[in-house]
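Undergrad: So that we are looking at the same thing, I have put the structure below in structure tokens.
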């Protein structure tokens, strides 16, 4: 980060419509841990009461 490489790489990624970023995000979203995490959170209703993010909207 101090060298500026991260910022340059991020700016280039944005210029090409975030193709690598979106591919990585899609790959991680389909990881089995995400499904398990959703099931576990559904078993804990008190978590939804204090949710900071509404996954149906965000």
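Numbering (the numbering used here), first residue to last: -11 to 46.
Beta carbons: idealized from backbone N, C-alpha and C, even for Gly.
As the structure is a computational prediction, the values presented were derived from the model and not from experiment.
Quick one: grab the DSSP three-state call for residue 8.
TA: Reduced to three states, the DSSP call for residue 8 is helix.
Undergrad: Look at residue 1 and residue 9 and say whether their C-beta atoms are less than 9 Å apart.
TA: Cβ distance < 9 Å, so residue 1 and residue 9 count as in contact.
Undergrad: Starting from residue 28, trace the alpha helix (DSSP H) both ways and give me its first and last residue.
TA: 20 to 30 is the extent of the alpha helix (DSSP H) around residue 28.
Undergrad: Taking the straight line between their C-alpha atoms, what separation do you get for residue 15 and residue 28?
TA: In a straight line, the C-alpha of residue 15 is about 21 Å away from that of residue 28.
Undergrad: Would DSSP call residue 36 helix, strand or coil?
TA: Three-state result, residue 36: helix.
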